[in-house]
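Okay, so here's the structure we're looking at.
Numbering (the working numbering), first residue to last: 349 to 407.
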């Protein structure tokens, strides 16, 4: 999953930045809740199983 995220960041940083800002409910420059971060990752990578999500949360 980390390599997929890395590829997405290399090809479309503006789009990723926009997703973070649009999911930020308080307008804090893209600081997201855990649930909102999960939604952004699902939009970037598609389905994320529980094991992958746990790995991402531990980082």
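Virtual Cβ for every residue (Gly too), placed ideally from N, Cα, C.
So, are the CB atoms of residue i and residue j less than 9 Å apart?
i	j	result
residue 349	residue 403	yes
Short of 8 Å in beta carbon distance, which residues of its chain neighbour residue i, apart from the five on each side in sequence? Order them along the chain.
i	result
residue 393	349, 352, 353, 356
residue 391	367
residue 396	349, 386, 389, 390, 404
residue 373	381, 384
What span of residues does the alpha helix (DSSP H) with residue i cover, start to end?
i	result
residue 467	No answer is possible for residue 467: the residues shown for the chain start at 349 and end at 407.
residue 363	361–370
I'd like the list of long-range same chain contacts for residue i, defined as Cβ closer than 7 Å, with 5 residues on each side in sequence excluded.
i	result
residue 371	380, 384, 387, 388
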